[in-house]
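Q: Have a look at this one before I ask anything.
Numbering (the numbering used here), first residue to last: 2 to 562.
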């Protein structure tokens, strides 16, 4: 037998009998047994990706005096190089200039921790790799990064009032800025980042836009609070060309667009959020804004139209707005479409459309005109076209909006519209800011509830329009509307005007309408192109006349049931 540690199968079988031999008191043969290695003792200091990098360990001081840019950047860089982890901003005020977040880094702001923007312009730079244009110096940014998180109950504070000089970023006609002022930092800019999460933090006092999200994918924004009212152009969220974006449980109070969705944003959900701003909440421009759902949101003290779509060469479709409360707003909904590029030319072979947009379960109160927010230190100009606003669906030229629906919608307007407004027939062929449509005298729209021009397949189902003080305008005006269904419309009327005005429109069904207060006429049809209009049932007793045909409308244009 060889003198080694190996054993034969026969020996192994013999050893299986050892328990019995041991019981009998037999001696056990010696067997060489190698001890198992001791288990590795993991701690937060040696688990890959689990380390905590306290910025104070890199020399940062939360004394509200020290500039900590280099120390905080060193903590981020080290975290990134060591397989990621958490960069901790502990309690204190950590003054800082531009810093770059990197892949696999979680920036955690403790409850009393504040990342506080420097008041000196020289402490900021443009984000490396962020395309220039519209101002791109920035406080916190990330480019081509993955798996970034910003979290915690702490604050990112831009100190933006230090950059206020009374100027905005727009100078053209109909713009709401008053001069050029690009050289001021955005609070946060993420460009071409994937799979990032921002939750629970307080973002405030940006010198410019609060959070710009550009060409990003897989975005989660949860429980964020934004208070951004110290400078002009103080946006909340500002998206460009991003996909798979999900916003939940956020509270946004800002001065400019609260949730701008410019360019080709797709697969977006926004739910359980509250918003307030001087300008708009959900603002869309040209591009491919598609497959977007907004639900269960509160909008209050918002002047500048809560839902505003102004598109030229666009492919906008499949937008849903549901279960939304709007309290004290102007607008409240404005959709405009030219079908042309910025140069005013037709789009040629490129398809262009704005279609498949629904509004369900909307409750709104609309004020006569914008008012200044008491917590915004500077006044905001009120444009003439903002007075006595209404829901505006505005196809321009040969462009049509398609498949637009309103279901279970109740809007109460301030009222006060005039006879001069009601007589307006020449509506400018423009699709810029919503108030630009109504910026020619007599200022304001000719309808108090809804004005719709160039729309195909328009549905109003269980819609109610009323007002707080008398209004001399029609409740609804259709101009060149094709294939429309108005079911269960209830609206207050005017003793000086018709309740519904239809101009050069065809294939319109009006059923089960109710005239809620005295009106001169229930339905007035105008234009020789009007045809296929059917009125079926309803309560029109408070209308002095059921029907008036005017301005060339044929007697066969309407069938009254």
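Virtual Cβ for every residue (Gly too), placed ideally from N, Cα, C.
1. For residue 329, which residues of its own chain have a beta-carbon under 7 Å away from its beta-carbon, when the five flanking residues on both sides are left out?
2. Could you give the residue range of the beta strand (DSSP E) that holds residue 511?
3. Out of curiosity, what's the CA-to-CA distance linking residue 224 and residue 60?
4. Which residue from 425, 187, 234 puts its Cα closest to that of residue 126?
5. Use the C-beta contact count for residue 553: other C-beta atoms within 10 angstroms, 16 or more gives buried, fewer gives exposed.
6. Just to check my reading of the structure: residue 147 and residue 194 have Cβ atoms closer than 8 Å, yes? What is that Cβ distance to the nearest angstrom?
7. In the DSSP assignment, what residue or residues form a beta bridge with residue 361?
8. By DSSP, does residue 244 sit in helix, in strand, or in coil?
9. Among the residues of its own chain, which have a CB less than 6 Å from the CB of residue 392, if the five just before and after it don't count?
10. Do you know whose CA, among 78, 116, 108, lies nearest residue 68's CA?
11. Cα-Cα, which of 209, 132, 202 is closest to residue 192?
12. Taking Cβ to Cβ, would you say residue 110 is nearer than 8 Å to residue 96?
13. For residue 502 versus residue 475, is the C-beta distance shorter than 8 Å?
14. Could you tell me which uninterrupted beta strand (DSSP E) segments, each at least 3 residues in length, are contained entirely in the segment 51 to 95, listed from first to last along the chain?
15. Using a Cβ-Cβ cutoff of less than 7 Å, which residues in the same chain neighbour residue 544 once the five nearest sequence positions on both sides are dropped?
16. In the DSSP assignment, what residue or residues form a beta bridge with residue 223?
17. Count the other C-beta atoms from every protein chain shown that fall within 10 angstroms of the C-beta of residue 379, then say buried if there are 16 or more, exposed otherwise.
18. By a C-beta neighbour count over all protein chains shown, 10 Å radius and 16 as the cutoff for buried, is residue 162 buried or exposed?
19. Within 10 angstroms of its Cβ, does residue 134 collect 16 or more other Cβ (buried), or is it exposed?
20. Please report the distance separating the alpha-carbon of residue 202 from that of residue 307.
21. Could you pull the start and end residues of the beta strand (DSSP E) that residue 1 belongs to?
22. Per DSSP, residue 158 forms a beta bridge with which residues?
23. Express the C-alpha separation of residue 145 and residue 461 in angstroms, rounding to a whole number.
24. Report back the beta-carbon spacing between residue 242 and residue 277 to the nearest angstrom; my notes put them in contact at under 8 Å.
25. Just tell me which of 182, 154, 157 has its CA closest to the CA of residue 167.
A: Taking the geometry as given:
1. 301, 302, 366, 368
2. 507 to 516
3. 31 Å
4. 187
5. exposed
6. 7 Å
7. 323, 408
8. strand
9. 334, 451
10. 116
11. The closest CA to that of residue 192, considering only 209, 132, 202, is found on 132.
12. no
13. yes
14. 52 to 55, 64 to 68, 86 to 90
15. Once the five neighbours on either side are set aside, the close Cβ partners of residue 544 are 494, 500, 516, 520, 522, 523.
16. The partner list for residue 223 (beta bridge, DSSP) reads 200, 249.
17. exposed
18. exposed
19. Residue environment: residue 134 is assigned as exposed (fewer than 16 neighbouring CB atoms within 10 Å of its CB, all protein chains considered).
20. Approximately 24 Å, taken between the alpha carbons.
21. Outside the shown range of the chain, which is 2 to 562, sits residue 1, and nothing can be said about it.
22. DSSP lists 117, 205 as partners of residue 158.
23. Cα to Cα, residue 461 sits roughly 45 Å from residue 145.
24. That pair is no contact at about 27 Å.
25. Of 182, 154, 157, the residue nearest in Cα terms is 182.
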